[in-house]
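*Asks:* Residue numbers (the numbering used here), protein chains in the order written: chain A, 182 to 553; chain B, 3 to 145.
Right, dumping it as structure tokens:
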């Protein structure tokens, strides 16, 4: 009898670094249709490595889209995105949501201004198909040429020692140039796109090499003493940093205004129309019904997404993502609760209702706890 | 990377191990295979001493950074002791699943030979590895 394992049917996508992960005995999981490393041994140790030294993440599953000229894409992106690319200048990046007409979040993304070369968008992996299906007809209407850059890989090097460790990899001169970049700025050197962005709350860069060059770059960064880190640590790091995860903290049924992302909406200039603007203005005028907060569990236990939040007997909301924070040694969560909630609340964990403190994220930045 | 499955213990399909003591009690924990699948443990919810449990009844919860998993009583009996040190040191289950990481002790009249022996459990664990983690892992990560 012929034995076919389920791998033969699943056809999961693999990044150019898949063989590297397998060689490091990574625990691989399906992640938005990709075989990705969850951890390489200990998720918590990887988390601490990023907070205290430097970690390397393969984030090549992310969707990269390039617009190959500045002018038509600028008009398109000002309509497509809730933040305003008119605020950009060459080398500057912007975090933004892409909304539907109801103001719901189709995806969150970073857009980089590359000057005369055009714009680069980095979108999520699991949302790729619907994102591209949303962008394509609008791009055609605006006459903006674009292409997906699946020929690129993406490596994130994050942590207080990230730039120092990269000196032996990228060269002292390149790293010196990177150091002059403020956060959310990028440069291109020797065909390598290097951005001072990340998803950890630490200093560091995201590098986008050609896929064919990614394994060699990966090896050299590890050889420089940077620890490989999986998506498990990436999730606990971003949660401590108070950064949103698409599909958990916001989706097409929630607006940025109820997702802690109101700051990413560019209301001015008032005459700029963008997809979802009318719906957001209506919600703002009617009063935003919910607020997005951080929770710190005051008792033992672990917070998770989709747990019910109470103020006494009254249910006031739902956690959207939660975890055990390795830095704080306590459970933390992001939650969408009734507007005006402050102080303390209770969270239903398997029928018990331990107390949690309502805080303003982030919980941790640059290795430091921001809450007591 | 195969996990450790001591030959002198009995096992449940749900990844608990059972050690017979001389005093009519059994000690229960989760297997090395289970702790590997769960990853770093950060919280253990242990039951009250004196609770009467039935075989296959959920009686403790182990939580890793990733997910929460029930621990099932492998036998009918009464819980006579719980490992209090796990409250502050859940990682003992990762470090020493068959020793310091024990979870509870049950007084039971049940016969252990209804449970799996090491060879039978090894087959289950191996099949689980093929399935790449089975039911113990459910990383709710979307990106």
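For each residue, glycine too, the CB sits at the ideal point set by N, CA and C.
Compare the C-beta of residue 109 of chain B against all C-beta atoms of chain A and say whether one is closer than 8 angstroms.
*Replies:* In the second chain, counting from the first residue as 1, residue 109 of chain B sits at position 107. Chain A, which has no Cβ nearer than 8 angstroms to the Cβ of residue 109 of chain B, makes this no.
*Asks:* Can you check the segment 470-503 of chain A for any alpha helix (DSSP H) of at least 4 residues that lies completely inside it and give the ranges in chain order?
*Replies:* none
*Asks:* Answer with buried or exposed for residue 533 of chain A, where buried requires no fewer than 16 other C-beta atoms within 10 angstroms of its C-beta.
*Replies:* Counting from one through the first chain, the residue named residue 533 of chain A turns up at place 352. Residue 533 of chain A should be labelled exposed.
*Asks:* Report the residues of the segment 403-435 of chain A with a CB closer than 8 angstroms to any CB of chain B, ordered along the chain.
*Replies:* 412, 413, 416, 417, 426, 427, 428, 429
*Asks:* Would you check if the distance between the CB atom of residue 490 of chain A and the CB atom of residue 528 of chain A is smaller than 8 angstroms?
*Replies:* Sequence index remark: in the first chain, residue 490 of chain A carries index 309 (1-based). Sequence index remark: in the first chain, residue 528 of chain A carries index 347 (1-based). Yes, these two residues count as a Cβ contact at 8 angstroms.
*Asks:* Closer than 9 angstroms by beta-carbon distance: list the chain A residues that pair up with residue 41 of chain B, in chain order.
*Replies:* Stepping through the second chain from its first residue, residue 41 of chain B is reached at position 39. Per Cβ cutoff of 9 angstroms: 208, 219, 220, 223, 224, 225, 413.
*Asks:* Short check: CB of residue 294 of chain A to CB of residue 269 of chain A, under 8 angstroms?
*Replies:* If you number the first chain from 1, residue 294 of chain A lands on position 113. If you number the first chain from 1, residue 269 of chain A lands on position 88. Yes. Within cutoff.
*Asks:* Which runs of the beta strand (DSSP E) spanning at least 3 residues fall entirely within the segment 282-367 of chain A, listed in chain order?
*Replies:* The segment 282-367 of chain A contains these whole beta strand (DSSP E) runs: 286-294, 300-304, 327-329, 336-339.
*Asks:* Rounding to the nearest angstrom, what Cα-Cα distance links residue 101 of chain B and residue 210 of chain A in this structure?
*Replies:* The residue you call residue 101 of chain B lines up with position 99 of the second chain. The residue you call residue 210 of chain A lines up with position 29 of the first chain. The alpha-carbon atoms of residue 101 of chain B and residue 210 of chain A are separated by roughly 29 angstroms.
*Asks:* Do we get a CB-CB distance below 8 angstroms when we pair residue 233 of chain A with the residues of chain B?
*Replies:* For the purposes of this step, residue 233 of chain A is taken as the residue at position 52 of the first chain. Chain B contact via Cβ: absent.
*Asks:* For the structure I just gave you, are there three or more beta carbon pairs, one from the segment 20-28 of chain B and one from the segment 451-465 of chain A, closer than 8 angstroms?
*Replies:* Touching, no.
*Asks:* Classify residue 291 of chain A: buried if its beta carbon has 16 or more other beta carbons within 10 angstroms, exposed otherwise.
*Replies:* Stepping through the first chain from its first residue, residue 291 of chain A is reached at position 110. Residue 291 of chain A is buried by the Cβ-count criterion.
*Asks:* Ignore the nearest five residues each way along the sequence and tell me which others in residue 441 of chain A's own chain have a CB closer than 6 angstroms to its CB.
*Replies:* What you label residue 441 of chain A is simply residue 260 of the first chain in a count that begins at 1. Cβ within range, chain order: 473.
*Asks:* May I ask you to list, following chain order, the residues of the segment 76-96 of chain B that have a beta carbon less than 8 angstroms from some beta carbon of chain A?
*Replies:* 89
*Asks:* Tell me, please, which residues DSSP counts as bridged to residue 19 of chain B.
*Replies:* In the second chain, the residue the question calls residue 19 of chain B occupies position 17. Residue 19 of chain B pairs with B/13, B/31.
*Asks:* For a minimum of 3 consecutive residues, which ranges assigned as the beta strand (DSSP E) are wholly contained in the segment 51-87 of chain B?
*Replies:* 60-66, 70-74, 79-84
*Asks:* Measure the alpha-carbon distance for residue 332 of chain A versus residue 281 of chain A and round it to whole angstroms.
*Replies:* Sequence index remark: in the first chain, residue 332 of chain A carries index 151 (1-based). Sequence index remark: in the first chain, residue 281 of chain A carries index 100 (1-based). Taking the straight line joining both Cα atoms gives about 29 angstroms.
*Asks:* With a cut-off of 8 angstroms, does the C-beta of residue 70 of chain B fall near any C-beta of chain A?
*Replies:* Residue 70 of chain B sits at position 68 when you count from the first residue of the second chain. Answer yes: the Cβ-Cβ gap between residue 70 of chain B and chain A drops below 8 angstroms somewhere.
*Asks:* Does any residue of chain B have a CB that is nearer than 8 angstroms to the CB of residue 238 of chain A?
*Replies:* Along the first chain, one-based indexing puts residue 238 of chain A at 57. Cβ-Cβ to chain B under 8 angstroms: no for residue 238 of chain A.
*Asks:* Would you say residue 65 of chain B faces chain A, with C-beta separation under 8 angstroms as the test?
*Replies:* Numbered from its first residue, the second chain carries residue 65 of chain B at position 63. It does; some Cβ of chain A falls within 8 angstroms.
*Asks:* Along the chain, where does the beta strand (DSSP E) that runs through residue 400 of chain A open and close?
*Replies:* One-based indexing of the first chain puts residue 400 of chain A at position 219. Looking at the DSSP string, residue 400 of chain A is not in any beta strand (DSSP E); the run it does join, the alpha helix (DSSP H), is 395-404.
*Asks:* Taking residue 231 of chain A as part of the alpha helix (DSSP H), name the residues at either end of that continuous run.
*Replies:* Stepping through the first chain from its first residue, residue 231 of chain A is reached at position 50. From DSSP, the alpha helix (DSSP H) with residue 231 of chain A extends over 224-233.
*Asks:* Name, in chain order, the residues that DSSP records as bridge partners for residue 89 of chain B.
*Replies:* Stepping through the second chain from its first residue, residue 89 of chain B is reached at position 87. DSSP, once it has assigned bridges, lists no residue as partnering residue 89 of chain B.
*Asks:* Can you give the Cα-Cα distance for residue 14 of chain B and residue 542 of chain A, rounded to whole angstroms?
*Replies:* Counting from one through the second chain, the residue named residue 14 of chain B turns up at place 12. Counting from one through the first chain, the residue named residue 542 of chain A turns up at place 361. In a straight line, the C-alpha of residue 14 of chain B is about 43 angstroms away from that of residue 542 of chain A.
*Asks:* Measuring only the C-alpha atoms, how far is residue 42 of chain B from residue 36 of chain B?
*Replies:* Counting from one through the second chain, the residue named residue 42 of chain B turns up at place 40. Counting from one through the second chain, the residue named residue 36 of chain B turns up at place 34. Roughly 11 angstroms separates the two Cα atoms.
*Asks:* Answer yes or no: does any C-beta atom of chain E fall closer than 8 angstroms to that of residue 483 of chain A?
*Replies:* This model lacks chain E altogether; the protein chains it does include are A and B.
*Asks:* When the Cα atoms are used, what is the spatial distance from residue 5 of chain B to residue 69 of chain B?
*Replies:* For this step, residue 5 of chain B is matched to residue 3 along the second chain. For this step, residue 69 of chain B is matched to residue 67 along the second chain. So the two alpha carbons sit approximately 20 angstroms from each other.
*Asks:* So, at 7 angstroms on beta carbons, what are the nonlocal neighbours of residue 551 of chain A in its own chain, with the 5 sequence-adjacent residues on each side left out?
*Replies:* On the first chain, position 370 is the one that residue 551 of chain A refers to. Counting only Cβ-Cβ distances below 7 angstroms, and skipping sequence neighbours, we find 543, 544, 545.
*Asks:* At 7 angstroms on the CB atoms, spell out the chain A contacts of residue 44 of chain B, in chain order.
*Replies:* For the purposes of this step, residue 44 of chain B is taken as residue 42 along the second chain, with counting starting at 1. Residues of chain A passing the Cβ test: 483, 505.
*Asks:* Thinking just about the alpha-carbon of each residue, which of A/215, A/222, A/508 is nearest to the one in residue 421 of chain A?
*Replies:* On the first chain, position 240 is the one that residue 421 of chain A refers to. Among A/215, A/222, A/508, the Cα nearest to that of residue 421 of chain A belongs to A/508.
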